[in-house]
Amino acid sequence: MESNNPYQGPSADVLVTQAGSGTVGQAQKRPVGNGGAWWAQAWRIVSQNKLMWALATFVFLLIFMAIGLITAFIPFIGTFIPTLFAPVFVVGLYFIAHRVREQNTFSFGDLFVGFSNQTGPLFMAGLAQIVAMLVFFVLIGILGALFFGSELMMMFSSFADPYAAPMMNPAFGIAKMILFGLVSLLLIIPYMAAIWFQVPLVFFGQRNAFAAMVESFTAVFRNFLAMLWYGIIGFLIFLVLGIAAAIIVGVITGVLGQGVISGILMFVFGVVMLLVMLVLMALYSATIYCSFRDIFELGEAAPQQPASV
1 MESNNPYQGP SADVLVTQAG SGTVGQAQKR PVGNGGAWWA QAWRIVSQNK LMWALATFVF
61 LLIFMAIGLI TAFIPFIGTF IPTLFAPVFV VGLYFIAHRV REQNTFSFGD LFVGFSNQTG
121 PLFMAGLAQI VAMLVFFVLI GILGALFFGS ELMMMFSSFA DPYAAPMMNP AFGIAKMILF
181 GLVSLLLIIP YMAAIWFQVP LVFFGQRNAF AAMVESFTAV FRNFLAMLWY GIIGFLIFLV
241 LGIAAAIIVG VITGVLGQGV ISGILMFVFG VVMLLVMLVL MALYSATIYC SFRDIFELGE
301 AAPQQPASV
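In this text, residue positions in the sequence shown follow the UniProt record's numbering: the first is 1, and each later residue adds one.
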(Lines of atoms letter the chains of each structure in order from A and count residues from 1; the text may use other names and numbers.)
(Lines give C-alpha, C1' and ligand atoms only; values in the text may rest on other atoms or scores of the structure.)
Protein backbone atom coordinates (compact mmCIF):
# COMPACT_ATOMS: atom_id res chain seq x y z
CA MET A 1 0.00 0.00 0.00
CA GLU A 2 1.37 3.39 -0.98
CA SER A 3 1.96 5.87 1.87
CA ASN A 4 0.39 9.35 1.70
CA ASN A 5 2.50 10.83 4.49
CA PRO A 6 3.24 14.44 3.40
CA TYR A 7 6.39 14.51 5.56
CA GLN A 8 7.92 11.41 3.96
CA GLY A 9 10.97 12.07 1.77
CA PRO A 10 11.15 11.03 -1.86
CA SER A 11 11.80 7.34 -2.54
CA ALA A 12 13.18 5.35 -5.43
CA ASP A 13 13.48 1.67 -6.25
CA VAL A 14 17.06 0.42 -6.17
CA LEU A 15 17.87 -3.03 -7.50
CA VAL A 16 20.43 -4.54 -5.15
CA THR A 17 22.60 -7.19 -6.75
CA GLN A 18 24.58 -9.76 -4.86
CA ALA A 19 28.02 -10.96 -5.85
CA GLY A 20 28.03 -14.51 -7.05
CA SER A 21 24.34 -14.59 -7.95
CA GLY A 22 24.72 -14.57 -11.73
CA THR A 23 22.99 -17.15 -13.87
CA VAL A 24 25.40 -19.83 -15.10
CA GLY A 25 24.28 -22.39 -17.66
CA GLN A 26 25.78 -25.65 -18.81
CA ALA A 27 29.06 -25.75 -20.71
CA GLN A 28 28.67 -25.04 -24.42
CA LYS A 29 31.06 -25.96 -27.23
CA ARG A 30 32.63 -22.86 -28.76
CA PRO A 31 34.46 -22.33 -32.08
CA VAL A 32 38.25 -22.55 -32.17
CA GLY A 33 38.54 -18.82 -32.87
CA ASN A 34 36.95 -17.98 -29.53
CA GLY A 35 40.27 -18.88 -27.91
CA GLY A 36 41.73 -15.72 -29.43
CA ALA A 37 38.60 -13.69 -28.69
CA TRP A 38 39.03 -14.37 -24.96
CA TRP A 39 42.40 -12.59 -25.03
CA ALA A 40 40.88 -9.64 -26.91
CA GLN A 41 37.94 -9.37 -24.50
CA ALA A 42 40.26 -9.61 -21.50
CA TRP A 43 42.48 -6.86 -22.89
CA ARG A 44 39.48 -4.54 -23.23
CA ILE A 45 38.71 -5.17 -19.57
CA VAL A 46 42.26 -4.69 -18.28
CA SER A 47 43.34 -1.84 -20.57
CA GLN A 48 40.78 0.52 -19.06
CA ASN A 49 42.76 0.74 -15.81
CA LYS A 50 46.11 -0.99 -16.20
CA LEU A 51 47.79 0.56 -13.14
CA MET A 52 44.96 -0.42 -10.78
CA TRP A 53 45.02 -3.93 -12.20
CA ALA A 54 48.78 -4.08 -11.65
CA LEU A 55 48.31 -2.90 -8.05
CA ALA A 56 45.57 -5.47 -7.40
CA THR A 57 47.76 -8.25 -8.79
CA PHE A 58 50.72 -7.03 -6.72
CA VAL A 59 48.66 -7.11 -3.51
CA PHE A 60 47.38 -10.57 -4.47
CA LEU A 61 50.97 -11.82 -4.85
CA LEU A 62 52.11 -10.18 -1.59
CA ILE A 63 49.30 -11.86 0.33
CA PHE A 64 50.17 -15.25 -1.11
CA MET A 65 53.86 -14.77 -0.41
CA ALA A 66 53.00 -13.90 3.20
CA ILE A 67 50.75 -16.95 3.55
CA GLY A 68 53.46 -19.14 2.03
CA LEU A 69 56.16 -17.81 4.38
CA ILE A 70 53.97 -18.17 7.48
CA THR A 71 52.79 -21.69 6.67
CA ALA A 72 56.23 -22.88 5.53
CA PHE A 73 57.09 -23.62 9.17
CA ILE A 74 54.08 -25.93 9.61
CA PRO A 75 55.17 -29.50 8.78
CA PHE A 76 53.32 -31.15 5.88
CA ILE A 77 49.98 -29.32 6.38
CA GLY A 78 51.61 -25.95 5.73
CA THR A 79 52.33 -27.03 2.16
CA PHE A 80 48.60 -27.15 1.38
CA ILE A 81 47.34 -24.07 3.26
CA PRO A 82 48.04 -21.64 0.36
CA THR A 83 45.99 -23.91 -1.91
CA LEU A 84 43.14 -23.82 0.63
CA PHE A 85 43.11 -20.00 0.58
CA ALA A 86 43.74 -19.62 -3.16
CA PRO A 87 40.09 -19.70 -4.35
CA VAL A 88 39.04 -17.10 -1.76
CA PHE A 89 41.59 -14.62 -3.12
CA VAL A 90 41.71 -15.45 -6.82
CA VAL A 91 37.95 -15.05 -7.14
CA GLY A 92 38.49 -11.37 -6.37
CA LEU A 93 40.35 -10.93 -9.66
CA TYR A 94 37.50 -12.63 -11.52
CA PHE A 95 34.91 -10.44 -9.81
CA ILE A 96 36.87 -7.28 -10.61
CA ALA A 97 36.80 -8.34 -14.27
CA HIS A 98 33.07 -9.04 -13.98
CA ARG A 99 32.32 -5.61 -12.51
CA VAL A 100 34.48 -3.79 -15.06
CA ARG A 101 32.71 -5.56 -17.90
CA GLU A 102 29.18 -5.19 -16.53
CA GLN A 103 29.33 -1.80 -14.80
CA ASN A 104 32.56 -0.25 -16.09
CA THR A 105 33.58 0.09 -12.44
CA PHE A 106 36.92 -0.86 -10.89
CA SER A 107 36.71 -1.28 -7.12
CA PHE A 108 39.87 -2.35 -5.33
CA GLY A 109 37.75 -3.74 -2.49
CA ASP A 110 36.35 -6.35 -4.89
CA LEU A 111 39.68 -8.16 -4.54
CA PHE A 112 38.44 -9.40 -1.14
CA VAL A 113 34.90 -10.28 -2.21
CA GLY A 114 35.61 -13.93 -1.41
CA PHE A 115 35.56 -13.10 2.30
CA SER A 116 32.01 -11.70 2.15
CA ASN A 117 30.35 -13.89 -0.51
CA GLN A 118 30.45 -17.68 -0.94
CA THR A 119 33.29 -17.87 1.60
CA GLY A 120 32.51 -21.38 2.82
CA PRO A 121 32.06 -22.88 -0.65
CA LEU A 122 35.29 -21.20 -1.81
CA PHE A 123 37.23 -22.77 1.05
CA MET A 124 35.62 -26.08 0.07
CA ALA A 125 36.89 -25.45 -3.46
CA GLY A 126 40.39 -25.12 -2.03
CA LEU A 127 39.92 -28.34 -0.06
CA ALA A 128 38.75 -30.12 -3.22
CA GLN A 129 41.88 -28.91 -5.01
CA ILE A 130 44.04 -30.30 -2.19
CA VAL A 131 42.32 -33.69 -2.50
CA ALA A 132 42.86 -33.65 -6.27
CA MET A 133 46.50 -32.66 -5.71
CA LEU A 134 47.05 -35.57 -3.31
CA VAL A 135 45.49 -37.99 -5.80
CA PHE A 136 47.80 -36.58 -8.48
CA PHE A 137 50.88 -37.06 -6.26
CA VAL A 138 49.86 -40.65 -5.48
CA LEU A 139 49.44 -41.40 -9.18
CA ILE A 140 52.84 -39.86 -9.93
CA GLY A 141 54.37 -41.98 -7.16
CA ILE A 142 52.82 -45.16 -8.56
CA LEU A 143 53.93 -44.17 -12.05
CA GLY A 144 57.47 -43.55 -10.81
CA ALA A 145 57.56 -46.95 -9.12
CA LEU A 146 56.40 -48.65 -12.32
CA PHE A 147 58.97 -46.85 -14.44
CA PHE A 148 61.98 -46.91 -12.12
CA GLY A 149 61.21 -49.70 -9.64
CA SER A 150 63.83 -52.03 -11.12
CA GLU A 151 66.49 -49.30 -11.01
CA LEU A 152 65.69 -48.59 -7.36
CA MET A 153 65.97 -52.29 -6.50
CA MET A 154 69.34 -52.45 -8.27
CA MET A 155 70.53 -49.37 -6.40
CA PHE A 156 69.54 -50.79 -3.00
CA SER A 157 71.12 -54.13 -3.83
CA SER A 158 74.38 -52.36 -4.68
CA PHE A 159 74.43 -50.92 -1.15
CA ALA A 160 74.46 -54.46 0.22
CA ASP A 161 77.09 -55.61 -2.30
CA PRO A 162 79.30 -52.69 -3.45
CA TYR A 163 80.98 -54.89 -6.08
CA ALA A 164 77.67 -55.65 -7.79
CA ALA A 165 77.33 -52.41 -9.72
CA PRO A 166 73.97 -51.98 -11.46
CA MET A 167 74.19 -52.32 -15.21
CA MET A 168 71.76 -50.26 -17.28
CA ASN A 169 71.84 -49.00 -20.83
CA PRO A 170 72.11 -45.17 -20.60
CA ALA A 171 70.03 -44.68 -23.74
CA PHE A 172 67.29 -46.88 -22.30
CA GLY A 173 67.34 -44.87 -19.07
CA ILE A 174 67.01 -41.57 -20.94
CA ALA A 175 64.12 -42.98 -22.97
CA LYS A 176 62.35 -44.03 -19.77
CA MET A 177 62.85 -40.55 -18.30
CA ILE A 178 61.35 -38.92 -21.39
CA LEU A 179 58.41 -41.33 -21.41
CA PHE A 180 57.84 -40.75 -17.68
CA GLY A 181 57.77 -36.99 -18.29
CA LEU A 182 55.25 -37.33 -21.12
CA VAL A 183 52.93 -39.58 -19.11
CA SER A 184 53.20 -37.20 -16.13
CA LEU A 185 52.20 -34.36 -18.43
CA LEU A 186 49.17 -36.35 -19.52
CA LEU A 187 48.18 -36.60 -15.83
CA ILE A 188 48.70 -32.87 -15.24
CA ILE A 189 46.32 -31.91 -18.06
CA PRO A 190 43.20 -33.51 -16.47
CA TYR A 191 44.12 -31.98 -13.10
CA MET A 192 44.43 -28.50 -14.62
CA ALA A 193 41.20 -29.00 -16.58
CA ALA A 194 39.37 -29.91 -13.37
CA ILE A 195 40.40 -26.75 -11.50
CA TRP A 196 40.37 -24.32 -14.46
CA PHE A 197 36.73 -23.19 -14.12
CA GLN A 198 36.08 -24.60 -10.66
CA VAL A 199 36.34 -21.32 -8.73
CA PRO A 200 34.10 -19.21 -11.01
CA LEU A 201 31.59 -22.08 -11.09
CA VAL A 202 31.46 -22.12 -7.29
CA PHE A 203 31.25 -18.33 -7.00
CA PHE A 204 29.09 -17.24 -9.94
CA GLY A 205 27.18 -20.49 -10.41
CA GLN A 206 26.99 -21.55 -6.74
CA ARG A 207 28.06 -25.07 -7.66
CA ASN A 208 29.29 -27.70 -5.24
CA ALA A 209 33.11 -27.62 -5.05
CA PHE A 210 33.64 -31.22 -6.17
CA ALA A 211 30.86 -31.17 -8.77
CA ALA A 212 32.37 -27.96 -10.16
CA MET A 213 35.63 -29.81 -10.83
CA VAL A 214 33.79 -32.42 -12.90
CA GLU A 215 31.91 -29.69 -14.75
CA SER A 216 35.13 -27.76 -15.37
CA PHE A 217 36.85 -30.90 -16.69
CA THR A 218 33.97 -31.52 -19.09
CA ALA A 219 33.95 -27.90 -20.28
CA VAL A 220 37.67 -27.83 -21.01
CA PHE A 221 37.68 -31.05 -23.03
CA ARG A 222 34.48 -30.10 -24.84
CA ASN A 223 36.32 -26.96 -25.96
CA PHE A 224 39.73 -28.58 -26.34
CA LEU A 225 40.58 -26.93 -29.68
CA ALA A 226 39.51 -23.46 -28.51
CA MET A 227 41.51 -23.94 -25.28
CA LEU A 228 44.51 -25.14 -27.30
CA TRP A 229 44.38 -22.04 -29.51
CA TYR A 230 44.01 -19.90 -26.38
CA GLY A 231 47.10 -21.54 -24.89
CA ILE A 232 49.15 -21.10 -28.08
CA ILE A 233 48.35 -17.38 -28.18
CA GLY A 234 49.34 -17.01 -24.53
CA PHE A 235 52.60 -18.86 -25.17
CA LEU A 236 53.38 -16.60 -28.15
CA ILE A 237 52.67 -13.46 -26.11
CA PHE A 238 55.10 -14.50 -23.37
CA LEU A 239 57.65 -15.72 -25.93
CA VAL A 240 57.67 -12.41 -27.84
CA LEU A 241 57.93 -10.39 -24.63
CA GLY A 242 60.71 -12.64 -23.36
CA ILE A 243 62.72 -12.24 -26.58
CA ALA A 244 62.15 -8.47 -26.57
CA ALA A 245 63.31 -8.25 -22.94
CA ALA A 246 66.44 -10.29 -23.70
CA ILE A 247 67.28 -8.03 -26.66
CA ILE A 248 66.84 -4.87 -24.57
CA VAL A 249 69.05 -6.23 -21.77
CA GLY A 250 71.64 -7.28 -24.34
CA VAL A 251 71.68 -3.82 -25.92
CA ILE A 252 72.00 -2.04 -22.57
CA THR A 253 74.82 -4.23 -21.29
CA GLY A 254 76.52 -4.53 -24.69
CA VAL A 255 76.55 -0.81 -25.53
CA LEU A 256 76.91 0.76 -22.08
CA GLY A 257 78.79 -2.00 -20.27
CA GLN A 258 78.67 -2.09 -16.47
CA GLY A 259 78.68 1.64 -15.73
CA VAL A 260 76.37 3.81 -13.64
CA ILE A 261 74.15 4.75 -16.58
CA SER A 262 73.78 1.09 -17.48
CA GLY A 263 72.80 0.31 -13.89
CA ILE A 264 70.18 3.06 -13.85
CA LEU A 265 68.72 1.93 -17.16
CA MET A 266 68.62 -1.68 -15.97
CA PHE A 267 66.80 -0.59 -12.80
CA VAL A 268 64.24 1.40 -14.80
CA PHE A 269 63.83 -1.50 -17.20
CA GLY A 270 63.33 -3.87 -14.26
CA VAL A 271 60.55 -1.67 -12.85
CA VAL A 272 58.88 -1.48 -16.26
CA MET A 273 59.11 -5.26 -16.68
CA LEU A 274 57.60 -5.76 -13.22
CA LEU A 275 54.62 -3.60 -14.20
CA VAL A 276 54.31 -5.46 -17.50
CA MET A 277 54.33 -8.83 -15.75
CA LEU A 278 51.71 -7.67 -13.23
CA VAL A 279 49.47 -6.45 -16.06
CA LEU A 280 50.01 -9.76 -17.89
CA MET A 281 48.98 -11.68 -14.77
CA ALA A 282 45.86 -9.52 -14.55
CA LEU A 283 45.21 -10.13 -18.24
CA TYR A 284 45.61 -13.87 -17.70
CA SER A 285 43.05 -13.89 -14.87
CA ALA A 286 40.68 -11.84 -17.03
CA THR A 287 40.99 -14.39 -19.86
CA ILE A 288 39.83 -17.12 -17.49
CA TYR A 289 36.80 -15.00 -16.60
CA CYS A 290 36.06 -14.23 -20.27
CA SER A 291 36.37 -17.87 -21.33
CA PHE A 292 34.17 -18.93 -18.42
CA ARG A 293 31.58 -16.30 -19.33
CA ASP A 294 31.55 -17.45 -22.94
CA ILE A 295 31.48 -21.21 -22.36
CA PHE A 296 28.97 -21.19 -19.49
CA GLU A 297 26.88 -18.27 -20.79
CA LEU A 298 27.20 -16.23 -17.60
CA GLY A 299 24.20 -13.88 -17.40
CA GLU A 300 23.43 -10.77 -15.42
CA ALA A 301 23.38 -10.96 -11.65
CA ALA A 302 19.90 -11.83 -10.41
CA PRO A 303 18.39 -8.77 -8.68
CA GLN A 304 16.97 -9.01 -5.20
CA GLN A 305 13.77 -7.32 -4.08
CA PRO A 306 13.71 -3.53 -4.68
CA ALA A 307 14.65 -1.48 -1.63
CA SER A 308 13.19 1.95 -0.96
CA VAL A 309 15.54 4.81 -0.12
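We treat Cβ as the ideally placed atom computed from N, Cα and C, and that holds for glycine.
Can you tell me which of the options puts its alpha carbon nearest to the alpha carbon of residue i?
i, options, result
"A66", "I261, V249, I81, V279", "I81"
"L283", "I174, I96, L69", "I96"
"N223", "H98, I295, L61", "I295"
"residue 318", "S184, L179, S116, H98", "Because residue 318 is not part of the residues shown, which for the chain are 1 to 309, the question remains open."
"L228", "G25, T23, A37", "A37"
"residue 310", "I189, F148, P190, F203", "Since the first residue shown for the chain is 1 and the last is 309, residue 310 is missing from the structure and cannot be characterised."
"A211", "A245, V100, V32, L122", "L122"
"G35", "L225, F108, M213", "L225"
"V249", "Y230, G270, L69, V260", "G270"
"M133", "G33, T83, A175, F108", "T83"
"V272", "A245, S285, I252, G254", "A245"
"F76", "L236, F64, I130", "I130"
Ignore the nearest five residues each way along the sequence and tell me which others in residue i's own chain have a CB closer than 6 Å to its CB.
i, result
"F267", "none"
"F197", "S216, A219, F292"
"G205", "V24"
"P87", "L122, A125, G126, V199"
"V32", "L225, A226, W229"
What separation, rounded to the nearest whole angstrom, lies between the Cα atoms of residue i and residue j?
i, j, result
"L111", "V279", "15 Å"
"A307", "I232", "Bear in mind that a pLDDT of 37 at A307, under 50, signals an unreliable position, so the model cannot answer this."
"R44", "L187", "34 Å"
"L143", "V90", "32 Å"
"M192", "N104", "31 Å"
"W53", "L146", "46 Å"
"L265", "L51", "21 Å"
"T119", "E102", "22 Å"
"A194", "F115", "23 Å"
"F275", "V214", "In the sequence as displayed, the identity of residue 275 is Leu instead of Phe. Those two C-alpha atoms are separated by around 36 Å."
"F203", "V113", "10 Å"
"L179", "I140", "13 Å"
"residue 310", "A209", "What is shown of the chain runs 1 to 309, which leaves residue 310 out entirely."
"T79", "L298", "34 Å"
"R30", "L55", "33 Å"
"L239", "L69", "30 Å"
Can you give me the Cβ contacts of residue i inside the same chain, cut-off strictly under 7 Å, excluding the 5 residues immediately before and after it?
i, result
"P85", "Looking at the sequence itself, residue 85 is Phe, so the reference to Pro does not match. Cβ within range, chain order: I67, G126."
"M281", "T57"
"Q41", "C290"
"A27", "E215, T218, A219, R222, I295, F296"
"A72", "G78"
In chain order, what residues of the same chain have a beta carbon less than 8 Å from the beta carbon of residue i, not counting five sequence neighbours either side?
i, result
"I243", "none"
"I201", "Sequence inspection shows Leu at residue 201; the Ile mentioned does not correspond to that position. Closer than 8 Å at the Cβ level, and outside the excluded window around L201, lie V24, R207, A212, E215, S216, F292, F296."
"L241", "V276, L280"
"N49", "V100, F106"
"G234", "W39, Y284, T287"
Quick check on the DSSP output: what are the complete alpha helix (DSSP H) runs of length 4 or more inside the segment 191–257, in order along the chain? Complete alpha helix (DSSP H) runs here, min 4: 198–204, 209–222, 224–256.
Scan the segment 28–108 and note each continuous beta strand (DSSP E) run of 3 residues or more that stays entirely inside, going in chain order. Fully enclosed beta strand (DSSP E) runs of 3 or longer: not present.
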